[in-house]
Amino acid sequence: QQQQQTATDTSAVKVLDVGCGSGYLTACLGRWFHAKEGEPSILPFPGKVFGMDIHPELVQFTKENIETDDADLLKSHTITLQHGNGWL
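Using the working numbering, you'd call the opening residue of the sequence shown number 125 and step up by one each time.
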């Protein structure tokens, strides 16, 4: 029963994108939780996406790409980016 409760508790959904690269997948994952204004939400519950890359220049590239069309994901903290090794 506890396992079933955990599976249905969607209040703390978190996604880790290790190797966020260009940011495309990170932004797509963010849109699952935070729709663009006027569009319906894909998922009926809130969540956060954490993008991480071992290369700081790729984290910056991700940030610049997301700011181009999806800046609201960063401003709302739906997406958080960080330089680091996600495998450790």
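Don't be surprised by glycine CBs; every beta carbon is placed ideally from N, CA and C.
Would you tell me roughly how many angstroms separate the C-alpha atoms of P180 and K199, rounded to the nearest one? 20 Å
So, using beta-carbon positions, are L205 and T192 closer together than 7 Å? no
Nearest-angstrom beta carbon gap, A151 and I190 [assumed within contact, 8 Å]: 5 Å
When the Cα of G208 is compared with those of G147, E163, G175, E161, which residue comes out closest? G175
Can you say whether L167 is buried or exposed, counting buried as having 16 or more other CB atoms within 10 angstroms of its CB? exposed
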